[in-house]
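Asker:
Numbering (the working numbering), first residue to last: 752 to 824.
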């Protein structure tokens with residue numbers, strides 16, 4: 752799907768992104784209940800493709816990042 756398929760999306764990026772010239776991913780958590788997934792897109796291409804990540808998988812990913820299991824960049 753594309754961002755244009757999600758007209759009510761409120762796209763946000765991590766506060767840790769630091770504004771690195773659009774090299775970030777954005778998520779739209781306000782659509783989780785209606786879509787049953789977390790929409791994720793590339794901030795460099797806001798009208799481009801959207802990846803739908805299952806809520807449980809996204810929650811596990813966030814927990815892993817917070818716990819330091821995925822390393823640092």
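No residue lacks a Cβ here, since even glycine has one placed at the ideal position from N, Cα and C.
Being a predicted model, the structure only gives us computed values, none of them experimental.
Using the C-alpha atoms, what's the distance from residue 805 back to residue 788?
Answerer: The residue you call residue 788 lines up with position 37 of the chain shown. The residue you call residue 805 lines up with position 54 of the chain shown. Each residue's alpha carbon lies about 5 Å from the other.
Asker: Check this for me: beta carbons of residue 761 and residue 779, under 7 Å apart or not?
Answerer: Along the chain shown, read from residue 1 onward, the residue named residue 761 stands at position 10. Along the chain shown, read from residue 1 onward, the residue named residue 779 stands at position 28. Contact: yes.
Asker: Taking the alpha carbon of residue 785 as the reference point, which residue from 797, 758, 768 and 795 has its own alpha carbon closest?
Answerer: If you number the chain shown from 1, residue 785 lands on position 34. Taking only the C-alpha atoms, the option nearest residue 785 is 758.
Asker: Quick one, which of 802, 775 and 798 has its alpha-carbon nearest residue 790's?
Answerer: Residue numbering aside, residue 790 sits at position 39 when the chain shown is read from its first letter. The shortest Cα separation from residue 790 among 802, 775 and 798 belongs to 802.
Asker: How big is the Cα-Cα spacing for residue 764 and residue 800?
Answerer: Mapped onto the chain shown, residue 764 falls at position 13. Mapped onto the chain shown, residue 800 falls at position 49. Cα to Cα, residue 764 sits roughly 16 Å from residue 800.
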